[in-house]
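Peer 1: Handing you a structure now.
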Amino acid sequence: SPSTSRFAIKITSLGSKANFEIGSNYMEIAVLYEDERVLAVNKPSGLLVHSAEHGPHVGEETLADWVLSHHPEMAEVGEPVTTSKGVLIPRPGIVHRLDKDTSGVLLLAKTQESFLFLKKSFQERKVRKEYKAIVHGVVKKESGMIDLPIGRSSADFRKKSTLPTARGEKRTAVTRFVTIARAEDASFLSVFPETGRTHQIRVHLKAIGHPVLCDARYAPTLHCPPALGRLALHAFSLELTREDGTVLRLEAPLAEDMARYTRARFLDLRFDK
2 SPSTSRFAIK ITSLGSKANF EIGSNYMEIA VLYEDERVLA VNKPSGLLVH SAEHGPHVGE
62 ETLADWVLSH HPEMAEVGEP VTTSKGVLIP RPGIVHRLDK DTSGVLLLAK TQESFLFLKK
122 SFQERKVRKE YKAIVHGVVK KESGMIDLPI GRSSADFRKK STLPTARGEK RTAVTRFVTI
182 ARAEDASFLS VFPETGRTHQ IRVHLKAIGH PVLCDARYAP TLHCPPALGR LALHAFSLEL
242 TREDGTVLRL EAPLAEDMAR YTRARFLDLR FDK
């Protein structure tokens with residue numbers, strides 16, 4: 002029962018929400034879809050998917066903690082990671098990740114069979130993903146494709162880079178985008194990553210001169226509007242064909258903070274999500 006849990010969690014039906022305590026803060030996690038094989042949630046901005054191996058976020062509560070609290074039977078699903086120090090990081094049912102400050106659709110497997118199927122679908126690029134992003138500057142193109150390999154930044158090991166000076170293996174990365182609306186110094190985009198590299202969208206949009214608003218890692222010197230105060234990147238939808246041939250499409254409405262800012266900034270934009 003919720004009273005015996007570390008977190009105030011209670012989910013009983015599709016579309017319900019749960020309060021999740023992160024230190025002194027409470028986050029609301031919405032369940033977008035659930036059946037016997039999968040669970041999809043709308044991850045809030047500011048929540049790690051699973052524990053960090055090193056850095057400032059070690060020890061923070063994570064979405065994995067939430068999963069284990071509500072679905073202890075998922076503890077054995079997936080592939081845990083062992084750190085260089087021999088610490089086991091649980092990743093219950095986790096087949097893909099979102100950056101800590103990115104909000105939106107996250108799909109989890111509830112059985113190992115489903116995990117292996119979903120993992121293969123992501124690896125073979127059979128999962129169609131759409132993100133919403135607010136970026137700095139006016140994007141002139143109505144649509145475009147960014148095809149730039151991504152390696153590790155030579156200046157900061159925590160960052161990725163498309164520059165020729167990038168270190169390590171440079172992995173193929175392709176991102177399509179469509180410009181939805183423009184303001185005097187910002188643009189609202191739909192973004193479709195065709196590969197799934199770490200920080201791909203953030204690195205690619207920076208590479209074309211339009212970094213994501215409030216990206217403290219890739220655009221730390223650019224103005225972050227206090228009215229937003231969070232990375233303006235949201236995983237809006239995810240679509241894949243399931244084992245039985247049916248198509249599962251999941252959509253996560255924009256988080257209220259990002260939706261409010263978007264409505265105020267792009268007055269000509271009309272959207273329901």
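Numbering (our numbering), first residue to last: 2 to 274. In this text, a Cβ means the ideal position worked out from N, Cα and C, and glycines have one as well.
#1: If you count every other CB in all the chains shown that lies within 10 Å of the CB of T176, and 16 or more means buried, which is it?
#2: Look at the alpha carbon of H205 and the alpha carbon of T163, and state the distance between them as a whole number of angstroms.
#3: Would you say K101 and L40 are within 8 Å of each other, going by their C-beta atoms?
#4: Can you look up F178 in the DSSP assignment and give me helix, strand or coil?
#5: Measure the alpha-carbon distance for S115 versus V50 and round it to whole angstroms.
#6: Going along the chain, which residues of its own chain have a beta-carbon closer than 8 Å to the beta-carbon of F237, five neighbours each way excluded?
#7: Between E195 and Y219, what straight-line distance do the alpha-carbon atoms span, to the nearest angstrom?
#8: Given G56, which residues of its chain have a CB within under 8 Å of its CB, disregarding the five upstream and five downstream residues?
#9: Taking the beta strand (DSSP E) that T242 falls in, what are its first and last residues?
#10: Quick check: the Cα distance between L234 and I135, rounded to an integer number of angstroms?
#11: Measuring only the C-alpha atoms, how far is I30 from F267?
#12: In whole angstroms, give me the CA-to-CA distance for A187 and H211.
#13: When we look at the beta-carbon of D216 and count the other beta-carbons within 10 Å, is it buried (16 or more) or exposed?
#14: Report the three-state DSSP secondary structure of I147 (helix, strand or coil).
#15: Let me know the beta strand (DSSP E) ranges lying completely inside the segment 167-234, each 3 residues or longer, listed in chain order.
Peer 2: Once the coordinates are examined:
#1: buried
#2: 8 Å
#3: no
#4: strand
#5: 19 Å
#6: G105, V106, E131, Y132, K133, S191, E252, A253, L255, K274
#7: 21 Å
#8: Only weak support exists for where G56 lies, its pLDDT of 49 falling under 50; the value from the coordinates is given anyway. Taken in chain order, the residues that qualify are R159.
#9: 234-242
#10: 7 Å
#11: 27 Å
#12: 9 Å
#13: buried
#14: strand
#15: 168-172, 175-183, 187-194
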